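Reading through the structure tokens given below for one structure.
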Amino acid sequence: MASSKLYSDDVSLAVVVVDTNPLFWATAALPFADFFAHLIHFVNSLLLLNHLNHVVVITAGLSSCTYIFDSSDASASGAADVAATFAKASRKMDEFIAEDARATTSNGSVADGNAASLLSGALGFFGLVLDIRNLGYVAVMNSIFSAQRSMVPIDSCIVGTQDSAFLQQASYITGGVYLKPQELNGLFQYLAAVFATDLHSRTFLRLPKTLGVDFRASCFCHKKTIDMGYVCSVCLSIFCKYHKNCSTCGSEFNRVMPDLNSVPDQRQ
15 MASSKLYSDD
25 VSLAVVVVDT
35 NPLFWATAAL
45 PFADFFAHLI
55 HFVNSLLLLN
65 HLNHVVVITA
75 GLSSCTYIFD
85 SSDASASGAA
95 DVAATFAKAS
105 RKMDEFIAED
115 ARATTSNGSV
125 ADGNAASLLS
135 GALGFFGLVL
145 DIRNLGYVAV
155 MNSIFSAQRS
165 MVPIDSCIVG
175 TQDSAFLQQA
185 SYITGGVYLK
195 PQELNGLFQY
205 LAAVFATDLH
215 SRTFLRLPKT
225 LGVDFRASCF
235 CHKKTIDMGY
245 VCSVCLSIFC
255 KYHKNCSTCG
265 SEFNRVMPDL
275 NSVPDQRQ
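Each position in the sequence shown, counted from 1, maps to that position plus 14 in my numbering.
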């Protein structure tokens, strides 16, 4: 039996997370149908690079997330059924978008902690088990640092008009690639040239570098990015305003601190 090391350098497990938020795609320059066509070609190219590659696609909406494609199912069905498998994934995507829209309308609110659930579900394929029952921000950061410790890069492809500070941090911390394509009509070329490379091949390539990363933290109380804030000395939770006690761990703050807005030159 040949040693598995012969295949370990270029075999990849790729988990693709797709944001189907209708509020974004309603104003996006690239229609979602065209984007999904690029995505299908990208997934197919990953599988063609190495028959041992494993690709999973997770889709996320306003109220829920689910798995719509697993290449192991296609492999079990045989090469002749690959086209049928992709067609099934397309149908599952349409069904998910419709169901998520109905759930959002019925509940009247957007589910919290969706990013944490997505990252935890994606990392689960790498054998990483995370507890996501705590606050969303804490769970997201735990997921990022768990990926970093396990050397699992988080790549980010932004098709919107604005950059994402959160995804910039996630890609930078985990050693992944952050890319905002300039020509969305050639999205597949970007995906295939940048994101289809395995970790071993990336050591020989000059991939895009993440520049100007916004490392500012988000407060736990309002989830907004801040320059200065108050930090709990027990659990390191961050708040934009002074509180008598920590909403995360319950610790009481006996000392009254000055308002940060009244002392612009002070750094805490």
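Just so it is clear, CB atoms sit at the ideal spot from N, CA and C, and this is done for glycine as well.
Owing to the predicted nature of the structure, the values given are computational and were not obtained by experimental measurement.
- Contact between residue 25 and residue 66 holds, with the beta-carbon distance rounding to 5 Å and staying under 8 Å.
- Residue nearest to residue 72 within the set 237, 59, 50, 193 is 50 (criterion: CA-CA distance).
- The C-beta distance from residue 191 to residue 225 rounds to 12 Å, too long to meet the 8 Å contact threshold.
- Residue 70 has its alpha-carbon roughly 8 Å from the corresponding atom of residue 27.
- In this structure, the alpha-carbon of residue 159 lies about 30 Å from that of residue 114.
- Burial check for residue 120: the Cβ neighbour count within 10 Å stays below 16, so the residue is exposed.
- Minimum Cα-Cα distance from residue 59 among the listed residues 116, 210, 227 corresponds to 210.
- In the three-state scheme derived from DSSP, where H, G and I count as helix and E and B as strand, residue 266 is classed as strand.
- DSSP places residue 54 in no beta strand (DSSP E) but in the uninterrupted alpha helix (DSSP H) bounded by 46-63.
- Bridge partners of residue 83 according to DSSP: 71.
- In this structure, the alpha-carbon of residue 172 lies about 14 Å from that of residue 223.
- Straight-line measurement puts the Cα of residue 203 at about 10 Å from the Cα of residue 195.
- Residue nearest to residue 155 within the set 187, 240, 267 is 187 (criterion: CA-CA distance).
- Under the DSSP definition of a beta bridge, residue 32 partners with 73.
- If you look at residue 214, you'll find it in the alpha helix (DSSP H) that goes 213-216.
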